[in-house]
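2 protein chains.
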Amino acid sequence: MNTPLSALSDTSTPSFSPLYRQIKALILQRLQAGEWKPGEPIPSEMDLAARFRVSQGTVRKAIDELAADNLVVRRQGRGTFVATHTEQHVQYRFLKLVPDSGDLNTEGPAERTIVDCKRLRAAADVARALSLRTGDAVLQVRRVLAYGGVPTILEDLWLPGVSFKGLTAERLAGWRGPMYSLFEAEFGVHMVRAEEKIRAVLPDDAQAVLLGITSATPLLSVERVAYTYHDTPMELRRGLYRTDTHHYRNQLG
Amino acid sequence: MNTPLSALSDTSTPSFSPLYRQIKALILQRLQAGEWKPGEPIPSEMDLAARFRVSQGTVRKAIDELAADNLVVRRQGRGTFVATHTEQHVQYRFLKLVPDSGDLNTEGPAERTIVDCKRLRAAADVARALSLRTGDAVLQVRRVLAYGGVPTILEDLWLPGVSFKGLTAERLAGWRGPMYSLFEAEFGVHMVRAEEKIRAVLPDDAQAVLLGITSATPLLSVERVAYTYHDTPMELRRGLYRTDTHHYRNQLG
DNA sequence: TAGTGGTCTAGACCACATA
DNA sequence: ATGTGGTCTAGACCACTAC
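And the structure:
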């Protein structure tokens with residue numbers, strides 16, 4: 001029968017995985033290699049089935065899981081496309097802060113101000129989060145996001161210097177759309193998932209000034225590590241969220 | 001062909017839905033009706049296929065979605081079981097506060113103290129959250145959860161009085177395991193999903209005393225509405241979380 | 001050994017988008 | 001008209017659990 005890889009009917013070894021999962025891994029490899037770029041279509045199910053010498057149903061199940069992982073998007077009649085942070089309706093996928101009014105018409109923060117953008121050597125905690133070594137080159141960015149003229153989010157973020165050569169405050173400030181969209185288009189880095197640790201804190205004086213509040217105003221501290229393919233950490237982000245007019249919204253399944 | 005319901009090949013009406021989704025709805029009805037209780041097995045795929053006069057593959061796809069929604073759990077070789085909050089490895093499914101140390105050996109809060117438990121008439125905000133009318137009977141519970149002797153969570157929660165007749169402080173205090181497990185076993189209410197709104201706040205004096213902190217310590221305010229089948233809200237919960245030794249952990253897909 | 005869910009295949013037809 | 005993904009079926013075999 002079909003044994004495009006080695007493991008079928010290999011029922012004893014611990015490394016056994018079903019055929020569709022092997023196909024999924026193969027497609028994932030090609031996604032990571034950049035063979036198909038974010039927003040572009042991947043080959044049709046029939047095409048992939050022929051390439052890998054399996055049935056269409058097996059490819060379908062592999063793509064089903066990729067779609068469930070938000071790595072690709074199916075569109076009936078058109079094809080299957082590599083997921084992207086650029087499209088309108090999935091922009092700011094990772095931003096869970098929403099206005100208390102519940103108005104979903106305001107898509108994302110209205111105004112963004114780059115406060116700082118510089119290269120430096122990674123401190124121990126930053127290096128650990130990004131799987132780098134202490135002292136490795138990183139890019140640090142500080143910015144403020146405002147809604148309706150009200151500064152609401154203060155973010156510091158760190159990126160591996162190697163992967164983001166040439167990123168400057170000017171390019172960040174000039175970019176329309178989400179930062180993750182810029183990362184895709186200019187640096188070929190697609191963020192797939194993220195983990196956040198949330199705390200309640202009081203800001204220091206410098207932070208309070210940037211947000212236009214007193215240092216007695218409690219804020220959400222949101223520490224995020226964002227990952228690209230194969231669980232590679234590519235960004236550490238520390239945000240301070242004002243929650244007097246907004247709240248962090250979470251769905252529990 | 002098979003038309004166990006009315007809508008197959010009904011391509012024009014807006015209410016069209018594929019066969020497997022109709023089967024899913026039928027199974028859901030029976031789940032809600034309590035035909036199969038949490039922890040119990042539902043009939044086998046072959047059995048359900050025969051009942052509904054569809055192929056096993058169609059039932060399979062219906063159950064796939066129910067499993068993805070965390071309403072049932074598949075176990076190879078054994079069957080498919082109604083999801084429950086009672087089992088060890090899915091206990092405290094909705095509790096996202098974890099120790100900073102990352103130790104996952106401590107399953108859930110060690111000590112739980114019922115501070116208060118009384119029946120009263122719902123205020124406007126509570127009634128709205130629970131889809132009740134202002135003044136309807138509700139049960140209000142206040143409790144403190146502690147880890148290693150340190151009070152960490154202060155919770156107020158409101159339940160519809162009609163659905164939780166006979167729930168007292170004594171029964172709450174005497175119950176081993178998660179509160180949602182008690183709800184299933186004693187009141188037939190199974191929480192399926194929840195939504196949380198998170199803010200950073202400062203406690204009032206009474207809250208500070210119960211948590212053993214000063215009112216200058218910022219806390220996470222977590223407002224949760226938990227839903228049973230068919231998106232029926234069945235609990236409003238307002239929690240205050242200390243985040244000096246713990247943090248709220250969230251996965252973004 | 002029997003019964004369950006898990007995988008894989010092959011083929012038919014439907015719904016949707018594009019040309 | 002063509003090609004895409006979406007649905008539905010039928011049958012075979014595998015993996016796991018319980019008896």
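Heads up: the protein sequence lines correspond to chains W and G, in order. Counting along the first sequence from 1, when you hit position 240 you're at 240 in the UniProt record's numbering, and nothing is skipped either side. Counting along the second sequence from 1, when you hit position 137 you're at 137 in the UniProt record's numbering, and nothing is skipped either side. Glycine included, each C-beta is placed from N, C-alpha and C at the ideal position.
Residues of chain G with a Cβ closer than 7 Å to the Cβ of E196 (chain W) are, in chain order, N250, L252. Within 10 angstroms of the beta-carbon of H246 (chain G) lie 16 or more other beta-carbons, which makes it buried. With the criterion set as a beta carbon lying under 7 Å from some beta carbon of chain G, the members of the stretch 190 to 223 of chain W are R193, A194, E195, E196, K197, I198, R199, A200, V201, L202, P218, L219, L220, in sequence order. Of all residues in the stretch 84 to 108 of chain W, those with a C-beta nearer than 7 Å to a C-beta of chain G are F94, reading in chain order.
E111 (chain W) is positioned such that its CB atom lies no closer than 8 Å to that of A62 (chain W). I23 (chain W): not part of any beta strand (DSSP E); member of the alpha helix (DSSP H) spanning 19 to 32, first to last residue.
P203 (chain G) and L240 (chain G) have their alpha carbons spaced roughly 8 Å apart.
By the neighbour-count criterion, in which 16 or more other beta carbons inside 10 Å mark a residue as buried, H89 (chain G) falls on the exposed side. Judged by DSSP in its simplified three-state form, S181 (chain G) adopts helix. For L66 (chain G), the enclosing alpha helix (DSSP H) begins and ends at 56 to 68.
Separation of P18 (chain G) and L26 (chain G) (C-alpha to C-alpha, rounded to the nearest whole angstrom) is 13 Å. Annotation: V141 (chain W) to I153 (chain G) spans about 35 Å, alpha carbon to alpha carbon. Just measuring C-alpha positions, the residue of G:A226, G:T232, G:E195, G:G253 sitting nearest R249 (chain W) is G:E195. Here DSSP, grouped into helix, strand and coil, assigns Q76 (chain W) to coil. Per DSSP, Q207 (chain G) is not a residue of any beta strand (DSSP E); the alpha helix (DSSP H) it occupies stretches across 205 to 211. H85 (chain G) and L71 (chain G) have their C-alpha atoms roughly 11 Å apart.
Taking a cut-off of 8 Å for Cβ pairs, the stretch 203 to 214 of chain G and the stretch 121 to 130 of chain G do not touch, as fewer than three such pairs fall below it. Put simply, the CB of H230 (chain G) is far from chain W, with every gap to its CB atoms at 8 Å or more. Within its own chain, the residues whose Cβ lies closer than 8 Å to the Cβ of Q91 (chain W), once the five positions on either side in sequence are excluded, are H85, E107, G108, G177, P178, S181, listed in chain order. T80 (chain G) is outside the set of residues whose beta carbon lies under 8 Å from a beta carbon in chain W. Assignment of F52 (chain G) by DSSP, reduced to helix, strand and coil, places it in the helix class. Around the beta carbon of M46 (chain G), fewer than 16 other beta carbons lie within 10 angstroms, which makes this residue exposed. Proximity to Q76 (chain G) across G:F94, G:P41, G:S101, G:G174 peaks at G:P41, based on C-alpha coordinates. Secondary structure at H190 (chain W): coil, using DSSP grouped into helix, strand and coil.
Uninterrupted alpha helix (DSSP H) stretches at least 4 residues long and entirely within the stretch 103 to 136 of chain G occur at 124 to 129, given in chain order.
Contact with chain W is absent for T58 (chain G), since none of that chain's Cβ atoms lies less than 8 Å from the residue's Cβ. DSSP places D156 (chain W) in the strand class (E or B) of the three-state scheme. Within the DSSP bridge table, the entry for E196 (chain G) names W:N250, G:R224 as partners.
Counting only residues of its own chain and dropping the five nearest sequence neighbours on each side, S163 (chain W) has a CB closer than 7 Å to the CB of F187, V189, M234. In the structure shown, the three-state DSSP call for V201 (chain W) is strand. T245 (chain W) has a beta carbon lying at 8 Å or more from every beta carbon in chain G. About 6 Å separates the beta carbon of V138 (chain W) from that of P160 (chain W), a gap short enough to meet the 8 Å contact definition. Setting aside the 5 residues that flank it on each side, R224 (chain G) is surrounded in the same chain by A194, E196, R237, each with a C-beta closer than 6 Å to its C-beta; the list follows chain order. Spanning the alpha carbons of A83 (chain W) and F16 (chain G) requires a straight line of approximately 28 Å. Per DSSP, G174 (chain W) is not a residue of any beta strand (DSSP E); the alpha helix (DSSP H) it occupies stretches across 169 to 174.
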